[in-house]
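Whatever position you read off the sequence shown (first residue = 1), add 728 for the numbering used here.
Note that beta-carbon positions come from the ideal geometry of N, C-alpha and C, so glycine has one too.
Right, one structure below, let's go through it.
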Amino acid sequence: MNISFRESCFVKKIPNMEGAFGYLATHKTLPNGTVIKVINNLSLEKESIIKELVNEKEIEGSGYPIDEYKVDNKLQGFIMYYYNHSYTFSYVINRDMFSHEEKLKASIDCTNQLKELHNKGYLLNDIALSNSLIDKEGGHLIDFDGATKNSPKKAESHYELTINGKIIRTSYNTDKLKQALTNLSLIYSINLEEIIHYRTNDVNSIFSLFKDNKEVFNLLYSYLSCDNSKPYFEELKDTLKDEDKVMFESAKIYRKINKLT
């Protein structure tokens, strides 16, 4: 799609989008509630992955179309559907907005979307509470501009990747771990991202918070393995569906958090 800023009507700028500017946009060629995400300093790596995603045209699990955004035939970013009545996981963690069942469904939806992307060979690399949405329909992963392409058959769990001149280590299991921690944050009403940032960066300390639930603990710990065939979060659906048990475990986790240094 090649449209100019003059031809578009940007009705609202979306704040807090690292590395990009997001706008709600209306245009005769665009569906209502469209986000145009204009990426700053578009690198070759980002341009490549955007083109890969555009070629898919629609990420089936998340159900919204993706298209290129060009100005004068130069790639600037991408276009995606805007979830107008959705909320980030980080926003709803400590708010009584969704039932336990709705939170669990949203978590499973996001996990299934991640699995589909992995099956296509994409690593998201930027899974976070702010990039996972929940609404009455379920859950949605967003913000794919940090994604990279890799062979789904690659045996090694970790490999080096250069993004914007920085070398990072990434893997399918890293994506799975981030998604699991994001989902657990929502379900247990505990912002694990903040704990990792402010209390401890020791992943084993985070795992230990869930030792009373062996299924959760074992799954989290398995992501340290070099085996990319480790299961996804939906394996925990049965053990997490008991809301009373989850809330009891959540209270115990809060007490453990206070002991972290």
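Within 10 Å of its beta-carbon, does CYS838 have 16 or more other beta-carbons around it, so buried, or fewer, so exposed? buried
If you reduce the DSSP assignment to three classes, tell me which class LYS987 lands in. coil
Three or more C-beta pairs below 8 Å linking the region 975-984 and the region 909-924: yes
Rounded to whole angstroms, what is the Cα-Cα separation between PHE935 and GLU865? 30 Å
Option nearest ARG823 by Cα separation, candidates ASN901, LYS965, ILE862 and LYS877: ILE862
Using 10 angstroms around the beta-carbon of ASP903, count the other beta-carbons present and answer buried if the total reaches 16, otherwise exposed. buried
For the candidate residues PHE872, ILE924, LEU912 and ALA856, whose alpha-carbon lies nearest to that of ILE985? ILE924
Are the beta-carbon atoms belonging to LYS958 and ASN901 less than 8 Å from one another? yes
With respect to the alpha helix (DSSP H) encompassing GLY950, which residues constitute its N-terminal and C-terminal limits? The amino acid occupying residue 950 in the given sequence is Ser; Gly does not appear at that position. That run of the alpha helix (DSSP H) goes 942-950.
Of the residues LEU952, ALA834 and VAL944, the one placed nearest GLY930, counting alpha carbons only: The question names Gly, but residue 930 is Asp in the sequence shown. Of the residues LEU952, ALA834 and VAL944, the one whose Cα lies closest to the Cα of ASP930 is LEU952.
Name the residue from PHE817, LYS833 and TYR815 whose alpha carbon lies nearest to the alpha carbon of PHE961. Residue LYS833 is the option with its Cα nearest to PHE961.
With DSSP collapsed to three states, give me the class of TYR960. coil
Can you confirm whether SER835, when its beta carbon is compared against all beta carbons of chain B, has any partner nearer than 8 Å? You won't find chain B in this structure, because it holds only one protein chain.
Rounding to the nearest angstrom, what Cα-Cα distance links LEU968 and ILE836 in this structure? Distance between LEU968 and ILE836, taken at the CA atoms: about 11 Å.
With a cut-off of 8 Å on the beta carbons, I'd call LEU948 and LEU905 a contact; round off their distance for me. 7 Å
Per DSSP, what kind of secondary structure is LEU937 in: helix, strand or coil? Three-state DSSP puts LEU937 in coil, outside helix and strand.
Is THR910 helix, strand or coil by DSSP? helix
In whole angstroms, what is the alpha-carbon distance linking LEU994 and PHE872? Absent from the structure is residue 994, since the part of the chain shown begins at 729 and ends at 989.
On a Cα-Cα basis, can you pick out the residue from LEU964, LYS831 and HIS846 that is closest to GLU1003? Within the shown structure, residues of the chain are numbered from 729 to 989, placing residue 1003 beyond reach of any answer.
Extent of the continuous beta strand (DSSP E) run through SER860: 860-863
Whose CA, out of THR928, ASN956, LEU988 and VAL820, lies closest to the CA of ASN847? ASN956
With DSSP collapsed to three states, give me the class of LYS848. coil
Give every residue of the same chain whose Cβ lies closer than 8 Å to the Cβ of ILE821, excluding the five residues on either side of it in the sequence, and list them in chain order. LEU857, SER913, LEU914, SER917, ILE918 and ASN919
Selected residue, minimal CA-CA separation from TYR815, among LEU869, GLU829 and GLU844: LEU869
Expected contact under 8 Å - CB spacing of GLN907 and ILE855 to nearest Å: 5 Å
Can you name the residues that DSSP bridges to LEU869? SER860
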